[in-house]
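Undergrad:
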Amino acid sequence: MAYPYEHPREERMLSQYFGDKDAIGIDGWIERGGYKALEKALGMAQDDVIQVVKDSGLRGRGGAGFPAGLKWSFMPKDGKVPSYVACNADESEPGTFKDRELMRWTPHQVIEGIIIASYAVRAQHAYIYIRGEFVDIVRVLNGAVVEAYERGYLGANILGSGYDMDLTVHTGAGAYIAGEETGLLNSLEGRRAEPRVKPPFPAQKGAFDRPTTVNNVETLASVPHIVLNGADWYRQWGTEKSPGTKLFSCCGHLQRPGNYEVPLDFSLKELVYELCGGPPEGRELLGVIPGGSSVPILTVDELDCDVSYEGIEAAGSFLGSGGLIAMDDSTCMVRAVRRMVEFYAHESCGQCTPCREGTSWLTKILKRIERGEGREEDIPLLLDVGSNMSGSTICPLSDSAAVPVVSSIQKYEDEYMAHIRDGSCTAKR
Amino acid sequence: MSDAMHPAIAGAQPSQRAEKNPDAPLFEGAYKERFDGILTRYPNKRAALLPVLHMAQEVRGWISPETMNRVAELLDLTPAYVRSVASFYTMFALRPVGRHLIQVCVGIGCDLCGAEEVTERFLELTKTRIGETSDDGKYTVVEVECLGACAFPTVVQVNDEVYENVKAEDVEGLLKELD
Chain Y
1 MAYPYEHPRE ERMLSQYFGD KDAIGIDGWI ERGGYKALEK ALGMAQDDVI QVVKDSGLRG
61 RGGAGFPAGL KWSFMPKDGK VPSYVACNAD ESEPGTFKDR ELMRWTPHQV IEGIIIASYA
121 VRAQHAYIYI RGEFVDIVRV LNGAVVEAYE RGYLGANILG SGYDMDLTVH TGAGAYIAGE
181 ETGLLNSLEG RRAEPRVKPP FPAQKGAFDR PTTVNNVETL ASVPHIVLNG ADWYRQWGTE
241 KSPGTKLFSC CGHLQRPGNY EVPLDFSLKE LVYELCGGPP EGRELLGVIP GGSSVPILTV
301 DELDCDVSYE GIEAAGSFLG SGGLIAMDDS TCMVRAVRRM VEFYAHESCG QCTPCREGTS
361 WLTKILKRIE RGEGREEDIP LLLDVGSNMS GSTICPLSDS AAVPVVSSIQ KYEDEYMAHI
421 RDGSCTAKR
Chain R
1001 MSDAMHPAIA GAQPSQRAEK NPDAPLFEGA YKERFDGILT RYPNKRAALL PVLHMAQEVR
1061 GWISPETMNR VAELLDLTPA YVRSVASFYT MFALRPVGRH LIQVCVGIGC DLCGAEEVTE
1121 RFLELTKTRI GETSDDGKYT VVEVECLGAC AFPTVVQVND EVYENVKAED VEGLLKELD
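Chains as they are written, first to last, in our numbering: chain Y, 1 to 429; chain R, 1001 to 1179.
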């Protein structure tokens, strides 16, 4: 199947070969210029590789947006203890499906990025922690890893450089929280994927108590391009604080849902209305969640911003993972929020009381409002529970669960009140 | 399955197949080789737990208490520890499931686009409720989220196969295809 969605206004750096079956295998990938960046990196000093990534301003694409080069520079440089790289391929933020496509169409782009990152931070072993549900993607990745070993891009003395490195594909088994970096590390170690208290940070004490760098798939896939073409080249796109291109996974009520790669100074409104074609015929948009279900919803009047980290933040939300969820006027906002919160209730690891209890109470209250059995005091109650859940737990899952509730009440309170006062719904069926 | 599977991928095999042999020998022959291969990829035995549980499920279709005891023994862990980890992850089936484990994505992307009707149609046609196995042992329907293919709703995974853009009216044909 060819990649079904593309638009001439995209800037396809990462997604250039989406839909091109011949780019999946290693021969096709090398024909398309693959592994040249690795050759170049292995001829550079490790710290020079870190420096170019620092200079490029590449920020983590998993959701937090932490500068990737800076993260790498926290790793020890003396090589005295074993250290690791973990590629976070546990893509599970609802509404996000960019890493899946990156691995599906260009597994070697990801692997090349992992090898370069491992070389730069002086790691001897890297793990791709991929969510267990991605069964079809695991097959693709497995094939690519074996190919890379056969060609000498992995294993001992990579390309005659004297650098040895192993890569192992590790599948998760169904736990959203394993996408949180310390939850991922626990899961990799054969434990429950319960997040750890930070500090210590993974660069000090990560996998198996050793220094570890955890990077998202899209972050690592960007690395070969930066190493090959330089930081200035990468900075031709985006803004000072948010350089480069980014994949946006667009889903929900859109004419053309799909993954679109745009520079980070692209207009959010144009992404929604032009690239994705806006809502289906005869429908109006109700709101857009720009960065996965953990970020605040924006109303249609709030879309006049660029898609940079700072642009979306100024508009009142976050770039997050780039999982854009559009809802049109057929949406019952209470139901949609209940659906999202229910997910968090299921996925709460249970370590922290505010999250374990809060997520299930939010779900219960939302369900009764949805059924038309809510009370007016449920609105302040939801906000109160939400505020107690924020900033009081080991990891941000708790905060994330409160976000859709609080932001939807702020912006769509009349939808809640219609359910509470009249037992009706404002959704246009 | 190749006998010479590269140890880098030995632990990363899809673990829910239609062929489920609850009494099949675990960790023998080619599976023993894979088990040994998995152990070479981690600095300690505990880290092999998830890959080894996946492999056990691949062989037997689910993870029984006996399986967990055996895994504990092989990895120098306690049975209680293995149980605590296995029960944390939704993909480990701690009770037998049907020949076709039908996983309907009800994440927000699919939910907005009609996942509920798809789930209902599956339940209607398989005459089951969520999580139950049909009387003929063929089907178990569960809700999962999010399968991470939100532009192609509704996403349905049956054992190790992913189906995209499933509409309620496609369900009957999909079930026929499985038989």
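The C-beta atom is built at its ideal place from N, Cα and C for all residues, glycine as well. Predicted model, so just to flag it, every value in this text is computed and none were measured.
#1: Mind listing which residues of the region 238-257 of chain Y have their C-beta closer than 8 Å to chain R's C-betas, in chain order?
#2: Which of the residues in the region 261-277 of chain Y, read from start to end, lie with their CB under 8 Å from any CB of chain A?
#3: At what residues does the beta strand (DSSP E) containing M327 of chain Y begin and finish?
#4: Give every residue of the same chain whose Cβ lies closer than 6 Å to the Cβ of P257 of chain Y, excluding the five residues on either side of it in the sequence, and list them in chain order.
#5: Name, in chain order, the residues that DSSP records as bridge partners for K428 of chain Y.
#6: Excluding the five sequence neighbours on either side, which residues of its own chain have a C-beta within less than 7 Å of the C-beta of R59 of chain Y, listed in chain order?
#7: From the beta carbon of T1090 of chain R, is the nearest beta carbon of chain Y less than 8 Å away?
#8: What's the C-alpha gap between M44 of chain Y and H170 of chain Y?
#9: By the three-class DSSP mapping on this structure, what secondary structure does I1038 of chain R have?
#10: By Cβ distance, which residues of its chain are closer than 8 Å to A1149 of chain R, with the 5 residues on each side in sequence left out?
#11: For chain R, find out if any of its Cβ atoms is closer than 8 Å to the Cβ of E133 of chain Y; answer yes or no.
#12: Out of curiosity, what's the CA-to-CA distance linking V53 of chain Y and R61 of chain Y?
#13: Strictly by DSSP, which residues pair up with Y260 of chain Y?
#14: Which term fits D99 of chain Y, buried or exposed, when burial requires 16 or more other beta carbons within 10 angstroms of its beta carbon?
#15: Tell me the DSSP secondary structure of S267 of chain Y in three-state form.
#16: With the cut-off set at 8 Å, would you say D90 of chain Y and R131 of chain Y are in Cβ contact?
#17: Could you say which of Y:T331, Y:Q255 and Y:G63 lies nearest to L286 of chain Y if we only look at CA atoms?
#18: Nearest to W72 of chain Y by alpha carbon, out of Y:S408, Y:D304 and Y:V85?
#19: Would you report the Cα separation of P1022 of chain R and F318 of chain Y, rounded to the nearest angstrom?
#20: Please identify, using Cβ separations under 9 Å, the residues of the region 213-227 of chain Y that lie next to chain R, in order along the chain.
#21: Quick check on T1067 of chain R: buried or exposed, where buried means 16 or more other Cβ atoms within 10 Å of its Cβ?
#22: With 16 other CB atoms within 10 Å as the buried threshold, where does I1130 of chain R fall?
#23: Return the residue from the list R:P1025, R:D1076 and R:T1126 that minimises the CA-CA distance to C1179 of chain R.
#24: From the beta carbon of S1084 of chain R, is the nearest beta carbon of chain Y less than 8 Å away?
#25: According to the neighbour-count rule (16 or more other Cβ atoms, all chains shown, within 10 Å of its Cβ), is K21 of chain Y buried or exposed?
#26: Give the straight-line distance between the Cα atoms of Q1157 of chain R and Q51 of chain Y, rounded to the nearest whole angstrom.
#27: May I ask you to report which of helix, strand or coil DSSP gives A86 of chain Y?
#28: Within the region 1043-1116 of chain R, note down every full alpha helix (DSSP H) run reaching 4 residues or more, in order along the chain.
#29: Under the three-state reduction of DSSP, which class applies to P1153 of chain R: helix, strand or coil?
#30: Is it buried or exposed for N88 of chain Y, if we count other Cβ within 10 angstroms and need 16 for buried?
#31: Among Y:D164, Y:S398, Y:R338 and Y:A402, which has the Cα closest to the Cα of D1111 of chain R?
#32: Tell me the DSSP secondary structure of R59 of chain Y in three-state form.
#33: Residues in the region 170-182 of chain Y with C-beta within 8 Å of chain R's C-beta atoms, listed in sequence order?
#34: Assuming contact is defined by CB atoms lying nearer than 8 Å, are A193 of chain Y and F1088 of chain R in contact in what I supplied?
#35: Nearest chain R C-beta to N142 of chain Y closer than 8 Å, yes or no?
#36: Checking 8 Å against the spacing of the C-beta atoms, do S1015 of chain R and H1054 of chain R come in under that value?
TA: In this structure, then:
#1: Residues S249, C250, C251, G252, H253 and P257.
#2: Absence of chain A from the displayed structure is noted, the protein chains being Y and R.
#3: Along the first sequence, one-based indexing puts residue 327 of chain Y at 327. Counting along the chain, the beta strand (DSSP E) containing M327 of chain Y begins and ends at G323 to D328.
#4: Counting from 1 along the first sequence, the entry for residue 257 of chain Y is found at position 257. A distance below 6 Å between beta-carbons, with the five flanking residues on each side excluded, links P257 of chain Y to the following residues of its chain, in chain order: C250 and C251.
#5: The count along the first sequence starts at 1 and reaches residue 428 of chain Y at position 428. DSSP output for K428 of chain Y lists no bridge partner at all.
#6: As a first step, residue 59 of chain Y must be located in the first sequence, where it is residue number 59. Correct list, in chain order: G65, F66, P67, A68, S242 and Y309.
#7: As a position in the second sequence, residue 1090 of chain R is number 90, starting the count at 1. Closer than 8 Å: yes.
#8: Looking up residue 44 of chain Y in the first sequence gives position 44. Looking up residue 170 of chain Y in the first sequence gives position 170. Straight-line Cα distance between these residues: approximately 29 Å.
#9: In the second sequence, counting from the first residue as 1, residue 1038 of chain R sits at position 38. Helix at I1038 of chain R.
#10: The residue you call residue 1149 of chain R lines up with position 149 of the second sequence. Listed in chain order, the non-local C-beta contacts of A1149 of chain R below 8 Å within the same chain comprise C1105, V1155, V1162 and E1164, local neighbours out to five positions each way being set aside.
#11: Indexing the first sequence from 1 puts residue 133 of chain Y at position 133. Judged by the 8 Å Cβ criterion, E133 of chain Y is in contact with chain R.
#12: Here residue 53 of chain Y refers to the residue found at position 53 when the first sequence is read from its first residue. Here residue 61 of chain Y refers to the residue found at position 61 when the first sequence is read from its first residue. When the Cα atoms are used, V53 of chain Y and R61 of chain Y turn out to be separated by approximately 14 Å.
#13: Here residue 260 of chain Y refers to the residue found at position 260 when the first sequence is read from its first residue. According to DSSP, which records beta bridges pairwise, Y260 of chain Y is partnered with Y:F248.
#14: Translated into positions along the first sequence, residue 99 of chain Y becomes position 99. D99 of chain Y is buried by the Cβ-count criterion.
#15: For the purposes of this step, residue 267 of chain Y is identified with residue 267 of the first sequence, where counting begins at 1. Of the three classes helix, strand and coil, the one that applies to S267 of chain Y here is strand, per DSSP.
#16: Locating residue 90 of chain Y in the first sequence gives position 90, counting from the first residue. Locating residue 131 of chain Y in the first sequence gives position 131, counting from the first residue. Yes, the pair counts as a contact, with Cβ atoms nearer than the cut-off.
#17: For the purposes of this step, residue 286 of chain Y is taken as residue 286 along the first sequence, with counting starting at 1. Comparing alpha carbon positions, the residue from Y:T331, Y:Q255 and Y:G63 closest to L286 of chain Y is Y:T331.
#18: Position 72 of the first sequence holds residue 72 of chain Y. Relative to W72 of chain Y, the option among Y:S408, Y:D304 and Y:V85 whose CA is nearest is Y:V85.
#19: Counting from 1 along the second sequence, the entry for residue 1022 of chain R is found at position 22. Counting from 1 along the first sequence, the entry for residue 318 of chain Y is found at position 318. Cα to Cα, the separation comes out at about 47 Å.
#20: Cβ contacts with chain R come from no residue of the region 213-227 of chain Y.
#21: To locate residue 1067 of chain R, count along the second sequence from 1; it is residue 67. Its Cβ being crowded by 16 or more others within 10 Å, T1067 of chain R is buried.
#22: The residue you call residue 1130 of chain R lines up with position 130 of the second sequence. By the 10 Å Cβ count, I1130 of chain R comes out exposed.
#23: Along the second sequence, one-based indexing puts residue 1179 of chain R at 179. The question names Cys, yet the displayed sequence has Asp at residue 1179 of chain R. Selected option, being the one with the closest Cα: R:T1126.
#24: To locate residue 1084 of chain R, count along the second sequence from 1; it is residue 84. Yes, contact with chain Y.
#25: The count along the first sequence starts at 1 and reaches residue 21 of chain Y at position 21. Exposed.
#26: Here the question's residue 1157 of chain R lines up with position 157 in the second sequence. Here the question's residue 51 of chain Y lines up with position 51 in the first sequence. Spanning the two alpha carbons is a distance of roughly 43 Å.
#27: As a first step, residue 86 of chain Y is located in the first sequence; it is residue number 86 there, counting from the start. Residue state, collapsed to three classes: strand.
#28: Runs of the alpha helix (DSSP H) inside the region 1043-1116 of chain R: 1049-1060, 1065-1074, 1079-1086 and 1108-1112.
#29: The count along the second sequence starts at 1 and reaches residue 1153 of chain R at position 153. P1153 of chain R: coil per DSSP, three-state reduction.
#30: The sequence position of residue 88 of chain Y within the first sequence is 88, counting from 1. Per the 10 Å Cβ criterion, buried.
#31: As a working mapping, residue 1111 of chain R is identified with position 111 in the second sequence. With distances taken between CA atoms, D1111 of chain R lies nearest to Y:R338 out of Y:D164, Y:S398, Y:R338 and Y:A402.
#32: On the first sequence, position 59 is the one that residue 59 of chain Y refers to. It is a strand residue.
#33: Cβ contacts with chain R come from H170, T171, G172, A173, G174 and A175.
#34: Here residue 193 of chain Y refers to the residue found at position 193 of the first sequence. Here residue 1088 of chain R refers to the residue found at position 88 of the second sequence. In this structure, F1088 of chain R lies closer than 8 Å to A193 of chain Y by Cβ.
#35: For the purposes of this step, residue 142 of chain Y is identified with residue 142 of the first sequence, where counting begins at 1. So, interface residue.
#36: The count along the second sequence starts at 1 and reaches residue 1015 of chain R at position 15. The count along the second sequence starts at 1 and reaches residue 1054 of chain R at position 54. Cβ atoms of S1015 of chain R and H1054 of chain R: closer than 8 Å.
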